[in-house]
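Quick notes on the structure that follows.
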Amino acid sequence: MRLAVENAVIRLGGRTILNGVTLGVGPGEFVGLVGPNGAGKTTLLRLLAGLIAPATGRVTIDDRPLNDVSRDERARRLSAFFQNAGIGWPMRVREIVGLGRLPHRRTFAAESAADQEAIARAMAMTEVAGLADRIEPTLSSGERMRVLLARALCVEAEMLLADEPITALDPAHQLDVMALLRRVSHDGAGVIAVLHDLTLAARYCDRLVVMAEGRIVADGAPATALQDGLLRSVFGVTAQRGSHVDGGAYILPWARAGREPGETRP
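Residue 98 in the UniProt record's numbering sits at position 98 of the sequence shown; the count goes up by one each step and never skips.
Here is the structure:
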């Protein structure tokens, strides 16, 4: 499956949030959307999910306009979760995860063996099986984030859209989730994730799309997309770079551009 947006413009509240954005993502790609606050990353993700419509431009699935694809087909082929998504009412964790199987079931039909296997698989992947009987309001923010990710993975869609999937997670679970998303993509699904941690984004993503002021300003492999000049102009930071003993390169935002490390200003 290839998900694409062409020359999209989004205007909200009299402001232009996206301005001429063109992007395509195919199977097996783990793409990180990065950029400063207010760059338009989550708006782009919502556009790709079909939650908002562009003023101009279009979104396509396999070159078909998104509006020509039925809701049922979209729900099976495209899965998304957003960090501020509401559950609606108190539910047990297993029930929440099970909602991801609704696109595969007829109305009022009971869970099939395949549904049950998919639910168990998604809960194991996100390490929430031990929370199965917990009610959603009793979860921590990090636990809730992993439950929402499990629900999205349970769809077993061809494309996964994830809005800040490692927000509120402790360092160990951040590493786990990034490794999981990379594994999902390498198993054949496309993954597009909004990320703020440039170190983890550069380490795990195959490709980074850098946004600023509603536009895409860089798109490529992490080492190509996160050049020093772009880090200064877009993020306002300088970075330290190096290589780990396993041979992997890393990038670490280090200081505000134009300031010495540790220097503060009023």
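Every residue gets a Cβ at the ideal spot worked out from N, C-alpha and C, and that includes glycine. The structure displayed is predicted, hence computed values, not measured ones.
Where G98 falls: helix, strand or coil (DSSP): helix
Contact between the segment 132 to 149 and the segment 39 to 59 (3+ Cβ pairs under 8 Å): no
Top-ranked residue by Cα proximity to E127, from Q116, L148, A113: L148
Close-in-space but distant-in-sequence residues of the same chain around I166 (CB under 6 Å, 5 per side omitted): Q174, V177
Buried versus exposed call for T43 [16 or more other C-beta atoms within 10 Å across all chains shown]: The residue in question, T43, is buried, as its Cβ has 16 or more Cβ neighbours within 10 Å.
L226 versus A239 - alpha carbon distance: Looking at the two C-alpha atoms, the distance is approximately 10 Å.
Nearest-angstrom Cα separation, counted from R105 out to G50: 21 Å
Ordered list of alpha helix (DSSP H) runs contained in the segment 155 to 191, each at least 4 residues: 171 to 186
Closest residue to V9 among S140, G214, L252 (Cα-Cα distance): Among S140, G214, L252, the Cα nearest to that of V9 belongs to G214.
CA nearest to the CA of L77, picked from G35, R101, I216: Contrary to the premise, residue 77 reads as Arg rather than Leu in this sequence. Out of G35, R101, I216, R101 has the C-alpha closest to the C-alpha of R77.
Host alpha helix (DSSP H) of L44 (start-end): 41 to 48
Alpha helix (DSSP H) segment containing A200, residue limits: The sequence shown places Leu at residue 200, not Ala. Unbroken alpha helix (DSSP H) run through L200: 198 to 204.
Buried or exposed (CB count within 10 angstroms, at least 16 for buried), P266: With a pLDDT of only 44 at P266, under 50, the local geometry of the prediction cannot be trusted, and no value is derived from it.
Distance, F235 Cα to A255 Cα: 11 Å
Exposure of V93, with buried meaning 16 or more beta-carbon neighbours within 10 Å: buried
Of the residues D197, L252, A201, D219, the one placed nearest R182, counting alpha carbons only: A201
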